[in-house]
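Number of protein chains: 2
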Amino acid sequence: MTADLKPQPAVSGAAEVRLWLRLLACTNEIEGELRRRLRQSFDVTLPRFDFMAQLDRAPDGLTMGQISRSMMVTNGNVTGIAERLAAEGLIERRSSPGDKRTVRVTLTEAGRRAFAEIAAVHHDWVADLFDGLNEQERDQLADLLARLKASVAKHTEDRPA
Amino acid sequence: MTADLKPQPAVSGAAEVRLWLRLLACTNEIEGELRRRLRQSFDVTLPRFDFMAQLDRAPDGLTMGQISRSMMVTNGNVTGIAERLAAEGLIERRSSPGDKRTVRVTLTEAGRRAFAEIAAVHHDWVADLFDGLNEQERDQLADLLARLKASVAKHTEDRPA
DNA sequence: CGAAGATATTTTAAGCTTAAAATATCTGCG
DNA sequence: CGCAGATATTTTAAGCTTAAAATATCTTCG
Chain A
7 MTADLKPQPA VSGAAEVRLW LRLLACTNEI EGELRRRLRQ SFDVTLPRFD
57 FMAQLDRAPD GLTMGQISRS MMVTNGNVTG IAERLAAEGL IERRSSPGDK
107 RTVRVTLTEA GRRAFAEIAA VHHDWVADLF DGLNEQERDQ LADLLARLKA
157 SVAKHTEDRP A
Chain B
7 MTADLKPQPA VSGAAEVRLW LRLLACTNEI EGELRRRLRQ SFDVTLPRFD
57 FMAQLDRAPD GLTMGQISRS MMVTNGNVTG IAERLAAEGL IERRSSPGDK
107 RTVRVTLTEA GRRAFAEIAA VHHDWVADLF DGLNEQERDQ LADLLARLKA
157 SVAKHTEDRP A
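Residue numbers (the numbering used here), protein chains in the order written: chain A, 7 to 167; chain B, 7 to 167.
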């Protein structure tokens, strides 16, 4: 529809696809490296670490739904992760007194200790991986990603909430 | 070791972690949206589309190892994807004449047609999702990601090839 | 009160992903 | 030649992830 308003390169979207593939490769590289290190150093998976990170910021605990929303994954997904974390004694699940449908999840004392230990090292790992960018470049990247996220949201905000 | 050469904010790595989480969220958002659209419009998964994309650029086909390397996933992973693509009649696997260990994979005619149809729409989708960034911003993002990838590689290049 | 619809969560089926072990084949060297 | 190590791939076990269906509880409204 905008063909004569906005001249395009020979193949529509080719440059964007290259950029997208680079973004994906970069993210996967970092994610894979962090996953490997978490497994080797702490025998923990990235999703379990992420789950615990949500709880660590919420002293009173969170419901399963809150966790799934903040992790941006499906409800069913967090059920499985919670199952394994509970089996390891790192979290506790209690049915809410007010609303029996909801489950209130908290870190156990062991979970809080384990998370703190891992998080400290995790911070350093991430700082290391990003140390090839100076502060200005990091700010620039953060800004571009915010714009990109907004751009994506324009095309997705009309999904079933 | 560099503590007195390079002053750090109060919590080491906090800014980098925030940037990393933003990068991850942004990538997941785009990846999820593309996955959903591929499934709804073409009943195909992202990994299968990606697998076919590798083959489409290689008229003579590729070995399983070449495919797993270009997709940056494990060997075992591509075995499963190939199994399903072959069941759908989209690829063909032939034992190599020279080296009986290797498998030469090619797109079937149906596979080539299916890929072409999907790829055209996929290009447009990606272009749409990125249309909130102008050309300069896209170039800037590509450049920062290249630097980031290089930075990450510094810390990972010493892994078993 | 009681049913209809909304909300929170779990279950299920299918598929993706990894790491590690197993298989099969090839290559080089004595 | 024959075997030791290298290479290509598959298999296995465990876990992550999604979408859709099922379950359980709550809320609203007549």
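All residues carry an ideal CB built from backbone N, CA and C; glycine is no exception.
* Could you tell me whether any Cβ in chain A is nearer than 8 angstroms to the Cβ of B/SER157? => The residue you call residue 157 of chain B lines up with position 151 of the second sequence. B/SER157 counts as touching chain A.
**Message:** Rounded to whole angstroms, what is the Cα-Cα separation between B/ASP66 and B/ALA92?
**Reply:** Counting from one through the second sequence, the residue named residue 66 of chain B turns up at place 60. Counting from one through the second sequence, the residue named residue 92 of chain B turns up at place 86. Computed Cα separation, rounded: 17 angstroms.
* **Residues that DSSP places opposite B/SER180 in a beta bridge** => Within the shown structure, residues of chain B are numbered from 7 to 167, placing residue 180 of chain B beyond reach of any answer.
**Asked** Going by Cα to Cα distance, which pick from B/MET70, B/SER47, B/ARG63 and B/HIS129 is closest to B/ASP105?
**Response** As a first step, residue 105 of chain B must be located in the second sequence, where it is residue number 99. The residue with the shortest Cα to Cα distance from B/ASP105 is B/MET70.
Next on the checklist: Between the alpha carbons of A/VAL50 and B/GLU141, how many angstroms are there, rounded?
Outcome noted: The count along the first sequence starts at 1 and reaches residue 50 of chain A at position 44. The count along the second sequence starts at 1 and reaches residue 141 of chain B at position 135. About 41 angstroms.
CB contact check: B/GLN146 to chain A, cutoff 8 angstroms: Here residue 146 of chain B refers to the residue found at position 140 when the second sequence is read from its first residue. With 8 angstroms as the cut-off, B/GLN146 counts as an interface residue toward chain A.
Assuming A/ARG54 and A/ILE87 form a contact by the criterion Cβ under 8 angstroms, report the distance between their Cβ atoms to the nearest whole angstrom. Taking the first sequence and counting its residues from 1, one reaches residue 54 of chain A at position 48. Taking the first sequence and counting its residues from 1, one reaches residue 87 of chain A at position 81. 6 angstroms between Cβ atoms; contact.
**Asked** Does the beta carbon of A/ASP137 sit closer than 8 angstroms to a beta carbon anywhere in chain B?
**Response** For the purposes of this step, residue 137 of chain A is taken as residue 131 along the first sequence, with counting starting at 1. It does: the Cβ of A/ASP137 has a partner Cβ on chain B nearer than 8 angstroms.
Point to revise | Under the three-state DSSP convention, the category B/THR80 falls into | key: Walking along the second sequence from the start, residue 80 of chain B turns up at place 74. In the structure shown, B/THR80 sits in coil (DSSP, three-state: anything other than H, G, I, E or B).
Taking the alpha-carbon positions, what's the B/CYS32 to A/SER157 distance?
The residue you call residue 32 of chain B lines up with position 26 of the second sequence. The residue you call residue 157 of chain A lines up with position 151 of the first sequence. Roughly 10 angstroms separates the two Cα atoms.
query: In whole angstroms, what is the alpha-carbon distance linking A/SER47 and A/MET77?
result: Against the first sequence, residue 47 of chain A aligns to sequence position 41. Against the first sequence, residue 77 of chain A aligns to sequence position 71. So the alpha carbons of these two residues sit roughly 23 angstroms apart.
Given a threshold of 16 other Cβ atoms within 10 Å of its Cβ, counted over all protein chains shown, does A/ALA122 qualify as buried or as exposed?
Position 116 of the first sequence holds residue 122 of chain A. By the neighbour-count rule (16 or more Cβ atoms within 10 Å), A/ALA122 is not buried but exposed.
- Task: Note down, in chain order, every chain A residue with its Cβ under 7 angstroms from the Cβ of B/LEU151.
- Result: Against the second sequence, residue 151 of chain B aligns to sequence position 145. Result: ARG28, LEU29 and CYS32.
With 16 as the cutoff for other CB atoms within 10 Å, does A/SER102 come out buried or exposed? Looking up residue 102 of chain A in the first sequence gives position 96. Exposed: under 16 other Cβ atoms inside 10 Å.
By how many angstroms is the C-alpha of B/VAL127 removed from the C-alpha of B/ARG90?
Indexing the second sequence from 1 puts residue 90 of chain B at position 84. Indexing the second sequence from 1 puts residue 127 of chain B at position 121. If you take the alpha carbons of B/ARG90 and B/VAL127, they lie about 23 angstroms apart.
- Quick one: Cα of B/THR162 to Cα of A/ARG110, how far? Here residue 162 of chain B corresponds to residue number 156 of the second sequence, with the count starting at 1. Here residue 110 of chain A corresponds to residue number 104 of the first sequence, with the count starting at 1. One C-alpha to the other measures close to 39 angstroms.
Figure out for me which residue from A/THR112, A/GLY19, A/ARG100 and A/GLU35 has the closest Cα to the Cα of A/SER136. The sequence position of residue 136 of chain A within the first sequence is 130, counting from 1. Per the sequence presented here, residue 136 of chain A reads as Phe, with Ser not at that position. Here the closest residue by C-alpha is A/GLU35.
So B/ARG24 is in the alpha helix (DSSP H); what residue range does that whole segment cover? Indexing the second sequence from 1 puts residue 24 of chain B at position 18. Per DSSP, B/ARG24 belongs to the alpha helix (DSSP H) from 20-48.
Under the three-state DSSP convention, the category A/THR8 falls into: If you number the first sequence from 1, residue 8 of chain A lands on position 2. Only weak support is given to the placement of A/THR8: the predicted model assigns it a pLDDT of 47, under 50, and the question is left unresolved by the model.
Same chain, Cβ closer than 8 angstroms to B/PHE41, neighbours up to 5 away in sequence not counted: The sequence position of residue 41 of chain B within the second sequence is 35, counting from 1. Sequence check: residue 41 of chain B is Arg here, not Phe. Result list for B/ARG41: THR51 and LEU52, in chain order.
**Prompt:** Is there a Cβ from chain A that is less than 8 angstroms from the Cβ of B/VAL111?
**Reply:** In the second sequence, the residue the question calls residue 111 of chain B occupies position 105. So, not an interface residue.
Can you list the residues of chain A that B/LYS106 reaches, using a CB-CB cut of under 9 angstroms? Here residue 106 of chain B refers to the residue found at position 100 of the second sequence. Per Cβ cutoff of 9 angstroms: no residues; B/LYS106 is ~32 angstroms from chain A at best.
Beta-carbon spacing of B/ARG153, A/LEU139 below 8 angstroms: One-based indexing of the second sequence puts residue 153 of chain B at position 147. One-based indexing of the first sequence puts residue 139 of chain A at position 133. Cβ atoms of B/ARG153 and A/LEU139: closer than 8 angstroms.
With a threshold of 8 angstroms between beta-carbons, can B/THR162 be considered close to chain A, or not? The residue given as residue 162 of chain B occupies position 156 in the second sequence. Interface residue, yes.
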